[in-house]
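Plus 21 on top of the position in the first sequence (first one is 1) and you've got the numbering used here.
For each residue, glycine too, the CB sits at the ideal point set by N, CA and C.
Quantities reported herein were computed from a predicted structural model and do not represent experimental measurements.
Accompanying notes for the structure given below.
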Amino acid sequence: MVRAFRVYDTLSREVRAFVPRVSPRVGLFVCGLTPYAEAHIGHGRTAVTFDVVARALRRWGYHVFYVQNVTNLDDRLIDRGRAEGRDPLELAEFHFQGWIRSMDQLDARSVNLYPFATDYIPEIIDQVSTLIDRGFAYVVDGDVYYEVSKFPDYGKLSGQKLEALRFGTREEIDPKKRAPEDFSLWKAAKPGEPAWPSPWGPGRPGWHIEDTAITAHLLGDQYDIHGGGTDLKFPHHEAEIAQAEGASGKKPLVNYWMHGGMLQMHGEKMAKSVGNVVSLDAGIRKFGPDVLRFYYLNAQYRSPLNYDEGKSLEEARESYASLVAPYRRLREELLRGGLTRPGRELPPEIAKTATELPTRLDEILAEDFQTREAIAALYGWGRMINEWWSKLEGLSGASLVTLGAPYRWATEVLGLFPERTGAKAPAEFSTLVQLAIETRARARSRGDFAEADRIRQSLLQAGIVLEDQGSETRWQWKRDGVA
RNA sequence: GCCAAGGUGGCAGAAUGGCAAAUGCGACGGACUGCAGAUCCGUUUCCUGGGGGUUCGAUUCCCUCCCUUGGCUCCA
Numbered sequence: 022m023v024r025a026f027r028v029y030d031t032l033s034r035e036v037r038a039f040v041p042r043v044s045p046r047v048g049l050f051v052c053g054l055t056p057y058a059e060a061h062i063g064h065g066r067t068a069v070t071f072d073v074v075a076r077a078l079r080r081w082g083y084h085v086f087y088v089q090n091v092t093n094l095d096d097r098l099i100d101r102g103r104a105e106g107r108d109p110l111e112l113a114e115f116h117f118q119g120w121i122r123s124m125d126q127l128d129a130r131s132v133n134l135y136p137f138a139t140d141y142i143p144e145i146i147d148q149v150s151t152l153i154d155r156g157f158a159y160v161v162d163g164d165v166y167y168e169v170s171k172f173p174d175y176g177k178l179s180g181q182k183l184e185a186l187r188f189g190t191r192e193e194i195d196p197k198k199r200a201p202e203d204f205s206l207w208k209a210a211k212p213g214e215p216a217w218p219s220p221w222g223p224g225r226p227g228w229h230i231e232d233t234a235i236t237a238h239l240l241g242d243q244y245d246i247h248g249g250g251t252d253l254k255f256p257h258h259e260a261e262i263a264q265a266e267g268a269s270g271k272k273p274l275v276n277y278w279m280h281g282g283m284l285q286m287h288g289e290k291m292a293k294s295v296g297n298v299v300s301l302d303a304g305i306r307k308f309g310p311d312v313l314r315f316y317y318l319n320a321q322y323r324s325p326l327n328y329d330e331g332k333s334l335e336e337a338r339e340s341y342a343s344l345v346a347p348y349r350r351l352r353e354e355l356l357r358g359g360l361t362r363p364g365r366e367l368p369p370e371i372a373k374t375a376t377e378l379p380t381r382l383d384e385i386l387a388e389d390f391q392t393r394e395a396i397a398a399l400y401g402w403g404r405m406i407n408e409w410w411s412k413l414e415g416l417s418g419a420s421l422v423t424l425g426a427p428y429r430w431a432t433e434v435l436g437l438f439p440e441r442t443g444a445k446a447p448a449e450f451s452t453l454v455q456l457a458i459e460t461r462a463r464a465r466s467r468g469d470f471a472e473a474d475r476i477r478q479s480l481l482q483a484g485i486v487l488e489d490q491g492s493e494t495r496w497q498w499k500r501d502g503v504a
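Structure follows, in structure tokens:
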């Protein structure tokens, strides 16, 4: 049995109940990178958004096939490769590897397949040929164009009317096109560019065609969810609809269009062309993958999100620390005695809440993936744990595990509270820290607070934070977000 | 100009045709502490862009204006 959920669909502009084409299968395609340079924080946001979508659907019983394409050849890659004296395909591979490393760090690993555009040249040629045969495309001197006027539905996703568009404002209009709105399906090779043989002469794919050739091959003529950033709505996704529905004669191409909001910096979209870019890797290094993930998920996925290291990210760091604190108390307590440790049982009403909260969290997320609301509920749970903490002393291991259920939900679905958050110091190291703590305790007991503070300060410089709790002193890594 | 999405407290960000609007951060006061931190309690009670309208009642529905962001063939 799969869980029902609702999702905002950009095409119908409403939150709709999700109905898979073939339950419990779900085909999910998300527009991925053109890796001509390092990925930035904005790319990371979209990746995490759809990572949570995939995680949630899998938890809810759907069998998700998540495909994220890689545009490993386009004009920018060719230009950049030329500027750097590198092969564009090799350049793409290089930056793609960086992307995968960032995804690993962010624990965003739900993608099943990253197809590269140039691995699907036969499928692309096949689809372009079909479009020509069906009268949607025409050939001019080795170039192939899509004739937009042949596809009456063009504009249905973005609400654009052709006659109101301003063509040629950013680029010269290609004089070979029959109409300014026509777009390139296949580009005739220029000297020195990577090229593949085709019925129209050597060349390479246009920007939009790889997506539909790949999805037709991997997910079928029609599939469930297509995701990407809102900036891709027009013309890219509009072109995808025109290509796929034109080629297959079936519509709709997808049942649900999901668009993630832009990450902004100084009130503008983060983009290389604007020059306000912070690389994803730099963000991860600076704030840590957990804080960054939290920052992304602490906002509505469709809304713009402002990136400000001194403000929004600092806030995220603080907020995440207080979200993690009760979880960490539980975890430490559990590590102390282990799962099987005997002790008191939870008051029934608390056990009940703990057991039911994950379901409530599922329900919250099932309403258009409101991660921020789920996080609010987790805060509520954390506060409950904190309030009850003194009364919960001496709990059994099983009781502690029960209290942790909402956090396990968050790890599974939101990717927060991963185990790597905890200090995994070698035993010898812990022993040394413990020794310092004991030395400090003796100093404190004889009233030598200067010495005690000196020890605490030294440990802090080594990245270790001490906290006195009653007669006990605990330590943790500063990096974990508390200090 | 056109299309789309938005405008809620110091900030981030929910919700709802009706108890002065969740949650978090920050701030302030208190408890605890040798100090700090963590935690707890209290305060941050005159916050829904402007103007109309519908309604017993609107932040929520309608109209209009203003503003912001994205897009109008490079974009996640």
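When the distance is taken between beta carbons, is residue j closer than 9 Å to residue i?
i: Ile246; j: Glu144; result: no
i: Gly390; j: Tyr322; result: Rather than Gly, the amino acid found at residue 390 in this sequence is Phe. Yes, the pair counts as a contact, with Cβ atoms nearer than the cut-off.
i: Gly65; j: Gln89; result: no
i: Phe308; j: Leu274; result: no
i: Gly491; j: Gly418; result: no
i: Val91; j: Ala138; result: yes
i: Tyr277; j: Asp30; result: yes
i: Gly436; j: Arg76; result: yes
i: Asp252; j: Met283; result: yes
i: Lys373; j: His61; result: no
i: Gly249; j: Thr67; result: yes
i: Ala342; j: Leu313; result: no
i: Thr55; j: Ala104; result: no
i: Ala426; j: Pro379; result: yes
i: Asp164; j: Trp221; result: yes
i: Val454; j: Leu481; result: no
i: Tyr348; j: Gly403; result: yes
Enumerate in chain order the residues of its own chain whose CB-to-CB distance from residue i is below 7 Å, with the five nearest sequence positions on each side excluded.
i: Ala210; result: Ala216, Pro223, Gly224 and Arg225
i: Ala473; result: Arg461, Ala464 and Arg465
i: Gly443; result: Unreliable positioning characterises Gly443 in this predicted model, as indicated by a pLDDT of 44, which lies under 50. A coordinate reading is not provided.
Take residue i and list the residues in its own chain whose beta-carbon comes closer than 6 Å to its own, dropping the five residues that flank it on each side.
i: Tyr83; result: Val23, Pro45 and Val47
i: Tyr57; result: Arg97, Leu98 and Arg101
i: Ala395; result: Leu382, Ile385 and Leu386
i: Gln148; result: Ala234 and Ala268
i: Glu488; result: Arg495
i: Tyr244; result: Gly48 and Val275
i: Val28; result: Phe39, Tyr277 and Asp389
Which residues share a DSSP beta bridge with residue i?
i: Thr494; result: Asp489
i: Arg365; result: Leu416
i: Ala268; result: Partner(s): none; Ala268 has no beta bridge.
i: Val312; result: Note: Val312 sits in no beta bridge, so no partner.
i: Lys290; result: Gln285
Give the range of the alpha helix (DSSP H) segment to which residue i is assigned.
i: Ile194; result: Careful: Ile194 lies outside any alpha helix (DSSP H) and carries neither H nor E.
i: Met124; result: Pro109 to Leu127
i: Gln455; result: Ala448 to Ser466
i: Val165; result: Run containing Val165: none in the alpha helix (DSSP H); it sits in the beta strand (DSSP E), Asp164 to Tyr167.
Compare the Cα-Cα distances from residue i to each of the options and report the closest residue.
i: Val161; options: Ala138, Lys182 and Ser205; result: Ser205
i: Trp228; options: Pro201, Lys198 and Ala260; result: Ala260
i: Pro136; options: Arg122, Leu456 and Leu94; result: Leu94
i: Asp125; options: Asp311, Arg34, Pro218 and Val165; result: Asp311
i: His258; options: Val51, Arg101 and Arg357; result: Val51
i: Met286; options: Ala265, Lys332, Gly248 and Ala200; result: Lys332
i: Ala464; options: Ile476, Leu152, Ser411 and Leu453; result: Ile476
i: Val132; options: Trp120, Val43 and Arg357; result: Trp120
i: Gln181; options: Leu78, Lys197, Glu214 and Leu32; result: Leu32
i: Val69; options: Tyr316, Ile194 and Gly401; result: Tyr316
i: Lys290; options: Glu111, Arg350, Leu326 and Ile305; result: Leu326
i: Leu239; options: Val345, Glu202, Asp140 and Ser219; result: Asp140
i: Arg107; options: Glu214, Val299 and Gly401; result: Glu214
Starting from residue i, trace the beta strand (DSSP E) in both directions and tell me its first and last residue.
i: Ala60; result: Where Ala60 is concerned, there is no enclosing beta strand (DSSP E), given that its DSSP letter is neither H nor E.
i: Gln478; result: Gln478 -> not in any beta strand (DSSP E); alpha helix (DSSP H) instead, spanning Phe470 to Gln482.
i: His247; result: Tyr244 to Gly250
i: His84; result: His84 to Gln89
i: Lys208; result: Phe204 to Ala209
i: Trp278; result: Val275 to Gly281
i: Phe50; result: Arg46 to Val51
i: Ala36; result: For the sequence presented, residue 36 should be read as Val rather than Ala. Where Val36 is concerned, the enclosing beta strand (DSSP E) stretches over Glu35 to Ala38.
i: Arg27; result: Arg27 to Asp30
i: Pro226; result: Gly224 to Pro226
Tell me which same chain residues have a C-beta within less than 8 Å of the C-beta of residue i, skipping the five on either side of it?
i: Ala25; result: Ala38, Phe39 and Ala387
i: Glu354; result: Leu416 and Leu421
i: Ala263; result: Phe157, Tyr167, Val169, Phe172, Asp174 and Tyr175
i: Pro439; result: Asp128, Asp311 and Thr432
i: Glu266; result: Phe172, Asp174, Lys272, Pro273 and Leu274
CB of residue i to nearest heavy atom of the ligand NAD: below 8 Å?
i: Gly102; result: As presented, the structure is devoid of all ligands, the ligand NAD included, so that no description of it is given.
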